[in-house]
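What follows is a set of notes on a single structure, which appears directly below.
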Amino acid sequence: MSQPFQLLRRRLVAASITPTKPGSSQPLISSIWARQSFNHQSDSSKAHYSNQRHIRPVACPQRLRTVNVRNYHSEFHPSPDPPADSYTPEQSAILSAALKHVPEHGFSTKSVVMGAREAGYLDVSLQLFPRGEELELVLYWLASRRGLLKQKVENGQLFDEKGSATAPVSQAEVEQRVRTLIRERLRMNEEIIQHWQDALAVMSLPSNILPSLRELYKLSSEILYLANDRSVDTSWYTRRLSVATVYASAEINMTEDTSPGFSSTMEFVERRINDANAVSETLGDVTRYLRYAGGSIVAAGRSLGMKV
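In UniProt numbering, the protein residues as written are 1 to 308.
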């Protein structure tokens with residue numbers, strides 16, 4: 001074998017045992033040259049090099065896994081009743097106890113602190129609510145009333161038969177059930193209505209608008225599901241938007257209602273449902289309907305002095 005060929009072969013062998021960087025084709029220093037340079041180093045340098053070789057990389061913390069909450073209804077795969085589907089047992093214990101103090105102290109930090117103490121937690125447990133204890137108390141109230149509405153339907157307290165959310169009904173009966181469910185949900189606010197304007201102010205803060213609207217959407221979807229509305233076409237969206245608009249407007253109107261039994265609000269609901277049905281039937285453009293619905297809520301809020 002000729003000498004040039006032997007030199008070429010040695011270079012190929014050296015290159016074949018040269019380690020490479022992970023995920024890269026660029027080779028590191030050849031192990032042969034690294035061994036030779038290590039032999040010429042001092043003892044202290046050798047010790048330092050040996051220590052460096054055995055340092056293990058620090059594992060990066062894994063990203064927190066979030067629970068995927070299903071935002072649709074299915075009679076075959078039912079979700080837990082609200083608010084159990086959105087809160088931990090510790091949060092539910094504190095907030096459920098805090099709701100007892102809302103009629104007297106409103107949706108305030110004081111109510112949450114008193115609820116935490118009754119549930120056996122320290123005041124520092126308010127750190128369990130990173131979005132703010134006042135907002136969480138408002139959202140817990142909304143979620144718990146939504147769950148109570150579902151229980152009343154399943155127990156036959158609102159309609160004739162139990163579990164009537166799955167019984168086949170006509171379209172006219174669906175609309176009548178929607179009216180009944182909206183009125184029943186509004187009546188649940190009677191005991192705390194004197195504090196509901198403050199709750200609306202909390203929900204209207206920029207950082208709180210998205211979770212508040214999400215809860216309003218869940219309520220409208222729940223109402224139509226309990227009314228046995230099973231539409232699967234484009235009206236699925238417009239009907240939920242219509243229910244959300246009617247309920248939000250009625251809730252704002254209820255804060256100023258002084259009539260016996262909030263009869264004025266119940267009449268308002270009837271008028272708004274008829275208006276919403278007319279709009280959804282005559283407007284083919286969903287964008288125009290969205291503008292109408294959004295503008296009506298904003299106008300109602302401004303008429304009551306809300307900064308919207």
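Just so it is clear, CB atoms sit at the ideal spot from N, CA and C, and this is done for glycine as well.
These numbers come from a predicted model, not from an experiment.
To which residues of the same chain is residue i closer than 6 Å at the C-beta, ignoring the five residues directly before and after it?
i      : result
Val169 : Asn228
Ala47  : Note that Ala47 has pLDDT 47, beneath the 50 cutoff, so the model's placement of it is unreliable and the number below is only indicative. Excluding sequence neighbours, Ala47 sits near nothing in its chain.
Ala119 : Ala93, Ile94, Ala97
Determine the burial state of residue i: buried for a count of at least 16 other Cβ atoms within 10 Å of its Cβ, exposed for fewer.
i      : result
Ala97  : buried
Ser221 : buried
Gly115 : buried
Ala111 : Correcting the residue type first, residue 111 is Ser in the shown sequence and not Ala. Ser111 is buried by the Cβ-count criterion.
Val232 : exposed
Thr238 : buried
Gln26  : With a pLDDT of only 48 at Gln26, under 50, the local geometry of the prediction cannot be trusted, and the value read off the model is given with reservation. Exposed is the call here.
Val113 : buried
Leu205 : exposed
Less than 8 Å between the CB atoms is what I'm expecting for residue i and residue j, so what's the real figure, rounded?
i           : j      : result
Leu181      : Leu149 : 7 Å
Glu134      : Leu126 : Wrong, their Cβ atoms sit about 10 Å apart, outside the cutoff.
residue 360 : Arg146 : Residue numbering for the chain in the displayed model covers 1 to 308; residue 360 lies beyond these limits and cannot be assessed.
Glu256      : Leu186 : Glu256 to Leu186, Cβ: 13 Å. No contact.
Leu213      : Val243 : That pair is no contact at about 14 Å.
Ile209      : Val246 : 19 Å between Cβ atoms; not a contact.
Glu190      : Lys152 : Incorrect: roughly 15 Å between the Cβ atoms, too far for contact.
Thinking C-beta only, is residue j closer than 9 Å to residue i?
i           : j      : result
Val138      : Val202 : yes
Arg271      : Ser207 : no
Asp198      : Ser92  : no
residue 365 : Phe159 : A query on residue 365 cannot be resolved here, the shown segment of the chain reaching from 1 to 308 and no further.
Pro211      : Tyr140 : no
Cutting at 7 Å between CB atoms, please list the residues of its own chain near residue i, excluding the five before and the five after it.
i      : result
Ile192 : Val102, Pro103
Cys136 : It is worth fixing the name first, because residue 136 is Glu in this sequence and not Cys. Contacts found: Leu95, Phe129.
Val174 : Ala227, Asn228, Asp229
His195 : Val102, Gly106, Phe107
Asp123 : Val113, Ala116
Asn51  : For Asn51, the pLDDT reaches just 47, beneath the cut-off of 50, and the residue's location in the model is therefore unreliable, although a value from the coordinates is still provided. None.
Compute the minimum distance between the beta carbon of residue i and the heavy atoms of the ligand NAP, and state whether it is under 8 Å.
i      : result
Lys218 : The ligand NAP is absent from the structure shown, which contains no ligand whatsoever.
To which residues of the same chain is residue i closer than 8 Å at the C-beta, ignoring the five residues directly before and after it?
i           : result
residue 352 : The question about residue 352 has no answer here: the residues shown for the chain are numbered 1 through 308.
Tyr121      : Glu90, Ala93, Ile94
Arg240      : Tyr217, Ser220, Ser221, Leu224
Met188      : Arg145, Leu148, Leu149
Counting only beta-carbon separations shorter than 9 Å, does residue i have a partner in chain C?
i      : result
Ile223 : This model lacks chain C altogether; it includes just one protein chain.
- Task: Any chance you could list the alpha helix (DSSP H) runs of at least 4 consecutive residues sitting entirely within the UniProt domain "COQ9 C-terminal" (212-279), in chain order?
- Result: 235-254
- Query: Could you give the uninterrupted runs of the beta strand (DSSP E) lying entirely in the stretch 93-150, keeping only those of 3 residues or more?
  - Reply: Here no run is fully enclosed.
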